[in-house]
Structures are given as C-alpha cells and as structure tokens.
Amino acid sequence: MTLMPYDEALERFEPVLGLETHVELGTASKMFCGCSTTFGAPPNTHVCPVCLALPGSLPVANEKAIESTIRIGLALNCTIATWCRFARKNYFYPDMPKNYQISQYDEPLCTDGYLDVEVDGATVRIGIERVHLEEDTGKSTHVGGATGRIHGADYSIVDYNRAGIPLVEIVTKPIPGTDRMAPEIAKAYVTELREVMRSLGVSDVRMEQGSLRCDVNVSLMPRGSSEWGTRTETKNVNSLRSVERAVRGEIERQAAVLASGGRIIQETRHFHEDTGLTTSGRSKEEAQDYRYFPEPDLLPMAPDPEWVASLKAALPELPTVRRRRLQQEWGVSDLDMAAMHNADAIDLVEATVAAGAPAADARKWWMGELARRANESGAALADLPITPAQVAKVTELVASGALNDKLARQVLEGVLAGEGGPEEVVEKRGLRIVNDEGELAALIDQVLAANADAADKVRSGKIAAVGALVGGVMKASRGKADAGRARELILERLGVQE
Amino acid sequence: MSAITRDEVAHLARLSRLALADDELDHFAAQLDQIVGAVARVAEVAADDIPPSSHALPLTNVFRPDEVRPCLTPEEALSGAPAVEDDRFRVPRILGEEA
Numbered sequence: 022m023t024l025m026p027y028d029e030a031l032e033r034f035e036p037v038l039g040l041e042t043h044v045e046l047g048t049a050s051k052m053f054c055g056c057s058t059t060f061g062a063p064p065n066t067h068v069c070p071v072c073l074a075l076p077g078s079l080p081v082a083n084e085k086a087i088e089s090t091i092r093i094g095l096a097l098n099c100t101i102a103t104w105c106r107f108a109r110k111n112y113f114y115p116d117m118p119k120n121y122q123i124s125q126y127d128e129p130l131c132t133d134g135y136l137d138v139e140v141d142g143a144t145v146r147i148g149i150e151r152v153h154l155e156e157d158t159g160k161s162t163h164v165g166g167a168t169g170r171i172h173g174a175d176y177s178i179v180d181y182n183r184a185g186i187p188l189v190e191i192v193t194k195p196i197p198g199t200d201r202m203a204p205e206i207a208k209a210y211v212t213e214l215r216e217v218m219r220s221l222g223v224s225d226v227r228m229e230q231g232s233l234r235c236d237v238n239v240s241l242m243p244r245g246s247s248e249w250g251t252r253t254e255t256k257n258v259n260s261l262r263s264v265e266r267a268v269r270g271e272i273e274r275q276a277a278v279l280a281s282g283g284r285i286i287q288e289t290r291h292f293h294e295d296t297g298l299t300t301s302g303r304s305k306e307e308a309q310d311y312r313y314f315p316e317p318d319l320l321p322m323a324p325d326p327e328w329v330a331s332l333k334a335a336l337p338e339l340p341t342v343r344r345r346r347l348q349q350e351w352g353v354s355d356l357d358m359a360a361m362h363n364a365d366a367i368d369l370v371e372a373t374v375a376a377g378a379p380a381a382d383a384r385k386w387w388m389g390e391l392a393r394r395a396n397e398s399g400a401a402l403a404d405l406p407i408t409p410a411q412v413a414k415v416t417e418l419v420a421s422g423a424l425n426d427k428l429a430r431q432v433l434e435g436v437l438a439g440e441g442g443p444e445e446v447v448e449k450r451g452l453r454i455v456n457d458e459g460e461l462a463a464l465i466d467q468v469l470a471a472n473a474d475a476a477d478k479v480r481s482g483k484i485a486a487v488g489a490l491v492g493g494v495m496k497a498s499r500g501k502a503d504a505g506r507a508r509e510l511i512l513e514r515l516g517v518q519e
Numbered sequence: 044m045s046a047i048t049r050d051e052v053a054h055l056a057r058l059s060r061l062a063l064a065d066d067e068l069d070h071f072a073a074q075l076d077q078i079v080g081a082v083a084r085v086a087e088v089a090a091d092d093i094p095p096s097s098h099a100l101p102l103t104n105v106f107r108p109d110e111v112r113p114c115l116t117p118e119e120a121l122s123g124a125p126a127v128e129d130d131r132f133r134v135p136r137i138l139g140e141e142a
C-alpha cells in the first residue's frame with residue numbers, strides 16, 4: 022500500500038471527517054427481552070426465545086434504554102422526537118438470528134445537536150446528525166484459515182449473549198475544516214463523548230470490551246475545491262489512540278491513491294492495530310440493500326414532552342462544565358488542566374481532594390510520581406493499585422511533618438507494591454522522619470566531627486556552608502531527618518545566629 | 044400493469060440467498076406482482092384525511108421495565124441448532140472464496 026507523507030497530503034488535500042459511535046447501554050436486561058447483559062458470561066447462557074428469534078416470540082422495548090437514549094440526546098443538545106418508530110434492517114448474516122436487526126431508520130429518537138470539544142485550548146463544535154437506538158449483534162468466532170479472520174475461514178461459531186443488548190448509535194454531521202488537526206479532533210470528540218456517557222451513567226464505555234466502538238469516515242478534496250470526495254468507513258477502531266491513527270492513516274492512503282490518478286471507492290475498511298493501516302472490507306459488489314421498513318412487532322414511541330423536560334432538568338453536570346468548575350476551584354492553569362485531562366487524572370485528583378488533600382498536593386502526586394509509575398508499567402493511572410484516599414493520607418503525613426517528599430515517594434512505592442496502606446508502609450519500612458531530638462543531636466555530633474572544616478566556616482560567619490552539614494545529616498539518617506530542624510540545631514550548636 | 048420485474052425477483056432472491064431457476068423467476072414475479080397489486084388497492088381507498096400507519100392499533104409507548112428474567116440453558120438454546128461447537132451455533136462459511 023502506498024502512503025503519502027502526512028504533511029504533503031495536507032498540502033494537497035483537505036480532509037472531511039465523520040464519526041459513527043456505538044455505545045452499549047448499561048441496562049440490566051436486553052433491549053427487547055429480559056436476558057441479562059452482563060459481560061463475559063459463558064457462551065449462549067444469556068439467550069431466550071426473543072433474542073434467538075424463535076417462532077412466536079415478540080419483542081417489547083426496554084423503557085430504561087429509551088430513557089437513556091433520550092438523556093444522551095439531551096446531553097448532546099439534540100431535538101427529541103415526539104413520535105418515532107423502530108425499523109427492521111434486513112441483512113443475511115448469522116450474527117443476528119432473526120436475519121434482521123431492529124434499529125431506527127428515518128425516524129431516530131434524537132436529531133440535530135452538537136458537542137463542543139477542546140483541542141489545544143480551542144473549542145471545536147462537532148455537529149450531531151442523529152442519535153438512534155438499536156440492538157447489538159452476536160459475537161462470531163471464525164474458525165480455520167490462517168488468520169482467524171472472516172476471510173479464508175472454514176466456518177464460524179456464534180455466541181448470542183450480546184445479541185439484543187441495547188446499542189445507541191451517535192452519528193456526527195460531516196466535519197469539514199479540521200485541516201491538519203483532523204486526527205486530534207477525531208480523538209478529542211470520542212474522548213469527550215465517552216466522558217459525557219460516563220457522567221450520564223448510561224454505559225461503562227470500555228473500548229477494550231467493545232461497549233464503545235467507533236467507525237471513522239474520511240474523505241479528501243483537493244485544496245481549492247469545494248466538492249467533497251468519496252468517503253471510506255473504517256471499522257474496528259477500538260481505542261482512542263487508534264481513532265487518531267486511523268484518521269491519519271486513511272488521509273495518507275487516500276492522498277496517495279488520488280495523487281496517482283486513482284479513484285476512492287465508497288467502501289468499508291478494517292483498521293489493523295498492529296500496523297495502523299486499513300484494508301478493504303466488503304466490496305462494492307456486496308454493498309447491502311437493507312430493505313428497511315417500520316418494525317411491525319413494536320409499537321411507535323411517543324415520548325411525553327413533560328417526561329423529556331423532566332429528564333432534561335435532571336441531567337448531571339456535563340464534563341466541560343465540571344472541568345471549568347474544578348479548574349476554578351483548584352486554581353490551576355489551562356495547561357495544567359489539559360494535562361490532567363489528557364492523563365485521565367481529573368476524577369482521581371477530585372476524589373483525592375474530597376478525601377481531604379489540598380488540590381495542589383493531590384495534583385502533584387498524581388501527575389508526578391504516580392504518572393511516572395503508571396507510565397513505566399504501561400498501566401492507566403486509574404488502574405494503579407492505590408486509592409485517592411491513600412494518596413490523601415500521604416499528603417496529610419507530609420503536611421504534618423511525619424514525612425518529607427522523598428520518604429513520601431517511598432511510601433507510595435510501598436503501597437503500589439502491595440505492602441499495605443500508607444501508615445502501614447511507614448511502620449514496616451521505618452520511614453518516619455527522625456524528629457526525636459536526641460537521635461538528631463547524635464547524628465549532628467557525628468557529622469560535625471567528620472566535617473570540621475565546614476563547621477569552622479560556619480562558625481566564622483559563612484552560613485552558606487551549613488548546607489553541606491545538613492546534607493551530611495540527611496545522608497546519615499538515610500533521608501529520614503527533618504532537614505529544617507537539623508539546620509536549626511546545627512546553627513545553635515555552632516553558636517551562630519542568622 | 045406489472046410492478047415487479049424479473050430482475051427485481053432475482054435481486055431479492057440473491058439478498059435472501061435463495062437459488063431460483065429461470066422459470067421460477069417468472070413464476071414468482073407474476074405472484075409477487077399480484078400480491079403487490081392487492082396491497083396497492085388500499086391506496087385507492089385511502090383518503091387524504093387518513094394518515095399512513097404501520098400498525099392496526101392506535102397505541103404508543105408499550106414498554107417493559109428493565110428487569111432481568113430467566114434465560115434458556117445453553118442446552119435448550121442450542122437444541123434446535125443444526126450444528127454446535129463449544130456451546131456456540133456453528134454456521135457455514137460466511138464469506139465466499141471471492142471475498
């Protein structure tokens with residue numbers, strides 16, 4: 022596959038983006054039956070006559086799923102339909118036992134909204150075309166062939182536990198004018214959307230478990246042209262970083278095709294995590310004719326405007342508003358706030374502050390020592406085996422003078438190593454600052470005797486020389502002495518006043 | 044008046060993975076044409092004051108509460124499957140050789 026270097030591609034072409042995001046709702050039961058939605062159950066244990074499409078069974082819509090979809094629409098500033106229907110999407114593929122998927126077609130629950138996202142300190146408004154409700158499909162495993170992929174497989178085996186889990190599809194309007202920021206804007210949009218879902222509590226939005234999935238549409242038009250090019254739809258984009266890579270890779274690929282006189286065909290492409298590239302999926306010849314029609318097994322939905330208004334009034338504080346509030350409360354710069362946001366540290370810092378730590382200290386530990394540790398082990402900050410309450414305890418021990426920063430780092434290391442809570446680690450490792458005056462005096466005697474030259478300098482008025490002596494005490498105590506108190510005692514012992 | 048062409052029947056047959064012989068295409072085209080013609084008569088009597096509808100009942104908002112109910116056991120679920128492997132439904136190759 023030929024790629025055009027990104028900079029050159031952007032000099033010659035202008036990208037237009039579109040993003041389709043699927044969010045599995047966190048309801049207890051499926052969309053149209055009472056089967057459990059719990060992730061990771063043994064195959065075909067969460068199935069019933071409705072989601073297996075056995076003859077004579079009939080679906081009934083889950084009210085909570087409809088409520089969640091409306092709340093998502095409201096959070097995305099959409100208009101909520103006063104009357105709409107489910108539609109039957111017919112296709113021949115064994116991931117749905119019915120041979121169709123219940124979805125929505127020309128009458129989505131929510132239309133015409135927007136989501137503001139922040140990229141490099143600037144706010145970009147992403148238009149939302151529609152938000153609709155449908156059911157998820159089963160999970161196929163392809164057997165035989167070299168790659169475990171559908172291509173070349175001998176046959177497939179299907180688990181229908183996921184079939185029928187409520188799925189919300191959120192479609193953006195085309196996003197022109199992103200220019201070279203297209204990859205970053207795509208990533209920022211999905212990140213922000215994920216946070217909106219979290220704040221609404223409608224989904225656990227775990228990309229690695231597939232409860233948030235993203236399809237990335239990209240087209241290019243030559244600079245100076247106003248006619249949009251043919252777009253491709255890239256599926257299988259399963260992490261935030263992949264969203265960014267998929268957009269970038271597709272821009273580089275399409276630019277190379279167009280520059281060599283080729284034509285982009287409207288097709289589905291698959292993203293490959295290992296290479297960051299896409300390969301062609303279903304070809305044009307197999308393009309689907311879904312023969313949508315109103316779902317005869319389900320009655321129309323007509324959300325009561327009063328109900329919708331009460332859902333709107335009860336929406337939680339949305340992520341951008343919350344970040345603005347916290348930034349003000351914590352008194353941090355735009356840059357620091359953006360850094361915390363990027364590191365997924367805001368919730369952790371907030372919880373640490375709630376556990377009693379000053380904001381500056383909470384931020385310092387999470388964004389410093391702990392971020393470094395997370396980075397080293399390749400873990401997400403939130404997955405480190407330490408709680409915000411434990412971090413707050415460490416800041417409290419520092420504030421009370423029981424620990425200095427150096428000892429505090431060792432305490433954090435102990436907690437992360439599973440040695441127990443902060444106080445337990447201090448006890449086990451013997452990390453408490455030496456502020457026993459007798460012990461400190463003995464250390465000072467020792468250091469003065471070994472550094473007679475420095476002691477003389479201080480006596481003769483060169484107070485700056487005391488630093489070496491304090492350093493000696495710290496070293497002799499293996500970092501556990503209270504440096505401030507040691508300095509006072511040394512000066513007192515040498516009869517010098519500042 | 045023929046609403047359903049032979050080509051349309053062939054298209055539908057392909058979408059439904061049905062192998063129809065040439066004479067069957069003609070046969071079904073005529074039959075489907077009659078069905079579509081019969082349904083179309085509804086449009087002739089529908090006046091402007093009758094809105095199009097997809098349901099016979101004037102009901103909306105028939106929902107169920109979000110409550111988990113018992114499922115089938117895997118044995119029950121798979122009992123009607125032509126082929127089973129690892130407690131999963133085994134299905135023939137999905138994409139043909141050309142894919």
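Chains as they are written, first to last, in the numbering used here: chain A, 22 to 519; chain B, 44 to 142.
Glycine included, each C-beta is placed from N, C-alpha and C at the ideal position.
In this text, all values refer to a predicted model and were calculated from it rather than measured experimentally.
Legend: CB atoms of the region 72-86 of chain B lying less than 8 angstroms from CB atoms of chain A are not found in any residue. Here P115 (chain A) has V179 as same chain residues with Cβ atoms under 6 angstroms from its own Cβ, once five neighbours each way along the sequence are excluded. Within the region 423-466 of chain A, the complete alpha helix (DSSP H) runs of at least 4 residues fall at 426-437 and 443-450. In the three-state DSSP reduction, A53 (chain B) falls in the helix class (H, G or I).
With its beta carbon less than 7 angstroms from one in chain B, I171 (chain A) belongs to the interface. Looking at the DSSP output, I196 (chain A) sits in a beta bridge with A:L38.
Nearest to G505 (chain A) by alpha-carbon distance, out of A:Q125, A:I454 and A:L339, is A:I454. Inter-residue distance for V491 (chain A) and E397 (chain A) is about 33 angstroms (C-alpha atoms, whole angstroms). Distance from the CA atom of W249 (chain A) to the CA atom of A174 (chain A), rounded to whole angstroms, is 37 angstroms.
Note on T42 (chain A): 16 or more other CB atoms within 10 angstroms of its CB, so buried under the neighbour-count rule. The straight-line gap separating the alpha-carbon atoms of A82 (chain A) and E45 (chain A) is approximately 15 angstroms. Taking 7 angstroms as the cut-off, the beta carbon of T255 (chain A) is found closer than this to the beta carbon of F292 (chain A). With fewer than 16 other beta carbons inside 10 angstroms of its own, H70 (chain B) counts as exposed. Your pair L31 (chain A) and D200 (chain A) checks out as a contact, with CB atoms roughly 7 angstroms apart and the cut at 8 angstroms.
Distance between A392 (chain A) and E371 (chain A), taken at the CA atoms: about 16 angstroms. Taken in chain order, the members of the region 106-123 of chain B whose beta-carbon sits within less than 7 angstroms of a beta-carbon on chain A are F106, R107, P108, D109, E110, V111, R112, C114, L115, P117, A120 and L121. Every unbroken stretch of the alpha helix (DSSP H) spanning 4 or more residues and falling wholly within the region 84-166 of chain A is given here in chain order: 84-96. Distance from the CA atom of L461 (chain A) to the CA atom of R450 (chain A), rounded to whole angstroms, is 19 angstroms. Of the residues assessed, F107 (chain A) falls on the buried side of the cut-off, its CB having 16 or more other CB atoms within 10 angstroms. Counting the other CB atoms within 10 Å of its CB gives K427 (chain A) a total below 16, which places it among the exposed residues.
Comparing alpha-carbon positions, the option among A:K501, A:T251 and A:E445 lying closest to V37 (chain A) turns out to be A:T251.
Along the region 260-293 of chain A, none of the residues has a CB nearer than 8 angstroms to a CB of chain B. Excluding five sequence positions before and after A96 (chain A), the CB atoms of its chain that fall closer than 7 angstroms to its own CB belong to V217, L221, L336 and L339, given in chain order.
In the same chain as L75 (chain B), and ignoring 5 residues on each side of it, the C-beta atoms closer than 7 angstroms to its own belong to I47 and V52, in chain order.
Two segments are said to touch when three or more pairs of C-beta atoms, one from each, lie closer than 8 angstroms; by this definition the region 224-235 of chain A does not touch the region 341-356 of chain A.
Residues of chain A with a Cβ closer than 7 angstroms to the Cβ of V52 (chain B) do not exist, since the nearest Cβ in that chain sits about 14 angstroms away.
In the DSSP assignment, L347 (chain A) falls within the unbroken alpha helix (DSSP H) covering P340 to W351. With contact defined as three or more Cβ pairs closer than 8 angstroms, the region 261-278 of chain A and the region 230-239 of chain A are in contact. Beta-bridge analysis with DSSP links S240 (chain A) to A:V37. A99 (chain B) counts as exposed, since fewer than 16 other beta carbons sit within 10 angstroms of its beta carbon. Against G55 (chain A), the close residues of chain B are E110, V111 and R112, in the order they occur along the chain (beta-carbon pairs closer than 7 angstroms).
From the beta-carbon of D310 (chain A), the residues of chain B found nearer than 7 angstroms are L58. DSSP places K483 (chain A) in the coil class of the three-state scheme, outside both helix and strand. Between V446 (chain A) and G399 (chain A), the alpha-carbon positions lie close to 24 angstroms from each other. Membership of D76 (chain B) in the alpha helix (DSSP H) is indicated by the continuous run D65 to V88.
In chain order, A475, K478 and V479 place their CB closer than 8 angstroms to the CB of A486 (chain A), counting only its own chain and leaving out the 5 sequence neighbours on each side.
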